[in-house]
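Novice: What follows is a single structure, and I will ask about it in a moment.
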Amino acid sequence: MKVHPERRGSRAVSKNETAVSTGSHGRAFPIAGIGGSAGALEAFTQLLKHLPADTGMAFVIVQHLDPDHESSLPSILSRATTMPVCEATHGMAVEPNHVYVIPPNATLQLSRGRFDLKPRDRSRMPHLSVDCFFKSLAQEQHEGAIGVVFSGNATDGTLGLEAIKAAGGITFAQDKSAGNDSMPRSAIASGCVDHVMAPEAVAVELSRIAAHPYLRGDLPRLPDDSVAIPAPAPGGSRSPRARREAPLQGYAKIIAFAREQTAVDFSLYKPSTIHRRITRRMLLSRKNTIDDYARFVAANPDEFKALYADLLISVTSFFRDEAAFDVLKEKVFPRLAAETRSGPLRMWSIGCSSGQEAYSLGMAFMEATAKLADRAPAFQIFGTDLNETLLSKARHGLYPKSVAAEISPERLRKFFVEEDGGYRVIKALREVCIFARQDILVDPPFSRMDLVSCR
Numbered sequence: 002m003k004v005h006p007e008r009r010g011s012r013a014v015s016k017n018e019t020a021v022s023t024g025s026h027g028r029a030f031p032i033a034g035i036g037g038s039a040g041a042l043e044a045f046t047q048l049l050k051h052l053p054a055d056t057g058m059a060f061v062i063v064q065h066l067d068p069d070h071e072s073s074l075p076s077i078l079s080r081a082t083t084m085p086v087c088e089a090t091h092g093m094a095v096e097p098n099h100v101y102v103i104p105p106n107a108t109l110q111l112s113r114g115r116f117d118l119k120p121r122d123r124s125r126m127p128h129l130s131v132d133c134f135f136k137s138l139a140q141e142q143h144e145g146a147i148g149v150v151f152s153g154n155a156t157d158g159t160l161g162l163e164a165i166k167a168a169g170g171i172t173f174a175q176d177k178s179a180g181n182d183s184m185p186r187s188a189i190a191s192g193c194v195d196h197v198m199a200p201e202a203v204a205v206e207l208s209r210i211a212a213h214p215y216l217r218g219d220l221p222r223l224p225d226d227s228v229a230i231p232a233p234a235p236g237g238s239r240s241p242r243a244r245r246e247a248p249l250q251g252y253a254k255i256i257a258f259a260r261e262q263t264a265v266d267f268s269l270y271k272p273s274t275i276h277r278r279i280t281r282r283m284l285l286s287r288k289n290t291i292d293d294y295a296r297f298v299a300a301n302p303d304e305f306k307a308l309y310a311d312l313l314i315s316v317t318s319f320f321r322d323e324a325a326f327d328v329l330k331e332k333v334f335p336r337l338a339a340e341t342r343s344g345p346l347r348m349w350s351i352g353c354s355s356g357q358e359a360y361s362l363g364m365a366f367m368e369a370t371a372k373l374a375d376r377a378p379a380f381q382i383f384g385t386d387l388n389e390t391l392l393s394k395a396r397h398g399l400y401p402k403s404v405a406a407e408i409s410p411e412r413l414r415k416f417f418v419e420e421d422g423g424y425r426v427i428k429a430l431r432e433v434c435i436f437a438r439q440d441i442l443v444d445p446p447f448s449r450m451d452l453v454s455c456r
């Protein structure tokens, strides 16, 4: 569960890793994924009507379609825009100033700037076509990913928007103008939506951000080894070194301000991550230079709070990388359960975000020891994180209904209670999970732990 920004020493990031797609002329451009279901046709139409034809973006519309009937969506939407509108095909290259529509009976993803289409799975589980495309968009585009969730039933799109925001992209959800508000309401409730707007307002905002230096890749990048404030260059502000390092002063001032406000030293973390998070907030706050944003964030507590939350990168899910939990159930937990101890077995989930990993550890342990009945040892799980807002969510244990896509039906029945607005972890599991704020770089560690999960 990656909650702290990535530390230096992680895998190297090339200069182009965070770049957006490049078209046939080699120019980088962002891609907007637009998802919807029932009632979304009007939203798609209004969006395209109000979009200029030369934003430099590509637009991919993913609607829930009847798998057994041809779609007339491309021809309908072509009446609303002068941009070319076509159905996506396997291997087709994505180009700017084009609109692409998912075909029926298909799962659509991006791979190296081209569409990857596979036949739709005919299982009984809901087909989450929007989540599927958004997740690939986030992985492919990083900060060049834009996700929009319009009218529709159920929760498809929420997990995808979470992935886009975690990758540094921008997220939208339709406001009360949605004919069916389940999809946008689920996304908004997850806390991953940057803008809640009507479709025509989304078009205006997309037009604005299309020209921002963040999406063009024109903002100065941090050096690979530091985000500390550079020492003043000899010769003052007019020297070549001073001019070269001047933009970096803005980043460093923000890091120093964050340390002053929170006692968290982000200068120890991966510079490319820090750069991406700060410049993302620049775009959202309509600041075009790092110095302007440094002044803005110092003068606006709400903006600093939003930046701080972005820097903590709350990426998590239930049973993330499930093979690791399988090993715990099959090998580790039976061994721990067999050991003699005077008190409860103690586990520590470091960087627990909103609690999914801690609760997943508890569920896995209860499953592994179910056959022991009364002989199963008592256990406690300590979940720690820097973000108090996320810790509060973890303590309440209430998650949006979109988590049903992460959890098997059996686990959902056994470990959750359905409530209005989501699923809550059962009381027996919540009572053994203790959540607290902790910075592992400076705070003393918990002691006498039987298992530590630092993922």
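Each residue of the sequence shown is one higher than the one before, counting from 2 in this note's numbering. Every residue, glycine too, gets a C-beta built ideally from N, C-alpha and C. Given the structure is predicted, the values throughout are model-derived calculations rather than measurements.
Taking just the CA atoms, how far does residue 216 sit from residue 161?
Specialist: The straight-line gap from Cα to Cα measures roughly 20 Å.
Novice: Per the DSSP calculation, residue 36 is bridged to which residue(s)?
Specialist: Paired residues: 63, 150.
Novice: May I ask which residues mark the beginning and end of the beta strand (DSSP E) holding residue 423?
Specialist: That run of the beta strand (DSSP E) goes 423-426.
Novice: Can you round the beta-carbon distance between residue 208 and residue 56 to whole angstroms, since I take them to be within the 8 Å contact cut?
Specialist: 6 Å between Cβ atoms; contact.
Novice: On the DSSP bridge list, what partners appear for residue 110?
Specialist: 117.
Novice: Cutting at 6 Å between CB atoms, please list the residues of its own chain near residue 452, excluding the five before and the five after it.
Specialist: Cβ within range, chain order: 348.
Novice: Return the Cβ separation of residue 152 and residue 195 in integer angstroms, given the expectation that the two are a contact with Cβ distance under 8 Å.
Specialist: So it is not a contact: roughly 19 Å between Cβ atoms.
Novice: May I ask you to verify whether the segment 128-147 touches the segment 80-99, counting CB pairs closer than 8 Å and requiring at least 3?
Specialist: No, because fewer than three Cβ pairs between the segment 128-147 and the segment 80-99 fall closer than 8 Å, the two stretches do not touch.
Novice: Using CA coordinates, which residue listed in 379, 315, 338, 67 is at the minimum distance from residue 192?
Specialist: If we check each option's Cα against that of residue 192, 315 comes out closest.
Novice: Once the 5 residues before and after residue 119 are set aside, which same chain residues still bring their CB inside 6 Å of it?
Specialist: So the qualifying residues of the chain are 108.
Novice: Evaluate contact between the segment 326-338 and the segment 358-375, counting only Cβ atoms and requiring at least three cross-stretch pairs below 8 Å.
Specialist: Yes, they touch.
Novice: Among the candidates 53, 387, 50, 273, whose CA atom is the shortest distance from the CA of residue 356?
Specialist: Among 53, 387, 50, 273, the Cα nearest to that of residue 356 belongs to 387.
Novice: Excluding the five sequence neighbours on either side, which residues of its own chain have a C-beta within less than 7 Å of the C-beta of residue 41, listed in chain order?
Specialist: Cβ within range, chain order: 64, 151, 152, 153.
Novice: Evaluate the contact criterion for the segment 372-391 versus the segment 435-450: three or more CB pairs, one atom per stretch, below 8 Å.
Specialist: Touching, yes, given that three or more Cβ pairs across the two stretches are closer than 8 Å.
Novice: Mind reading off the beta-carbon distance from residue 62 to residue 102? Whole number of angstroms is fine, and I expect it under 8 Å.
Specialist: Right, the Cβ-Cβ distance comes to about 5 Å (below 8 Å), so this counts as a contact.
Novice: Rounding to the nearest angstrom, what Cα-Cα distance links residue 31 and residue 173 in this structure?
Specialist: Rounded to the nearest angstrom, the two C-alpha atoms are 15 Å apart.
Novice: In this structure, does DSSP put residue 134 in helix, strand or coil?
Specialist: Residue 134: helix per DSSP, three-state reduction.
Novice: In angstroms, rounded to a whole number, what distance separates the CA positions of residue 253 and residue 214?
Specialist: The straight-line gap from Cα to Cα measures roughly 19 Å.
Novice: To which residues of the same chain is residue 13 closer than 8 Å at the C-beta, ignoring the five residues directly before and after it?
Specialist: Confidence is the limiting factor: at residue 13 the pLDDT is only 33, short of 50, which leaves the residue's position unreliable, though a coordinate-based value still follows. There are no such residues.
Novice: Ends of the alpha helix (DSSP H) at residue 184?
Specialist: Counting along the chain, the alpha helix (DSSP H) containing residue 184 begins and ends at 183-190.
Novice: State the Cα-Cα distance for the pair residue 426 and residue 346, rounded to the nearest angstrom.
Specialist: Looking at the two C-alpha atoms, the distance is approximately 20 Å.
Novice: Hey, residue 334 and residue 366 are a contact pair by Cβ (cut 8 Å); roughly how many whole angstroms apart?
Specialist: Right, the Cβ-Cβ distance comes to about 5 Å (below 8 Å), so this counts as a contact.
Novice: Let's test the definition: count the other Cβ atoms within 10 Å of the Cβ of residue 373 and tell me whether it reaches 16, buried, or not, exposed.
Specialist: With fewer than 16 other Cβ atoms within 10 Å, it is exposed.
Novice: So for residue 384, helix, strand or coil by DSSP?
Specialist: Residue 384 falls in the strand class under three-state DSSP.
Novice: Rounded to whole angstroms, how far is the Cβ of residue 354 from the Cβ of residue 317, which I believe are closer than 8 Å?
Specialist: Sure, about 4 Å apart at Cβ, within 8 Å.
Novice: Nearest-angstrom Cα distance between residue 19 and residue 450?
Specialist: Confidence at residue 19 is low in this model, with a pLDDT of 42, below 50, so its placement is unreliable and the value that follows should be read with caution. For residue 19 and residue 450, the distance between alpha carbons rounds to 38 Å.
Novice: Are residue 306 and residue 297 closer than 8 Å when you measure CB to CB?
Specialist: It is not a contact, given that the beta carbons lie outside the stated cut-off.
Novice: So for residue 84, helix, strand or coil by DSSP?
Specialist: Reduced to three states, the DSSP call for residue 84 is coil.
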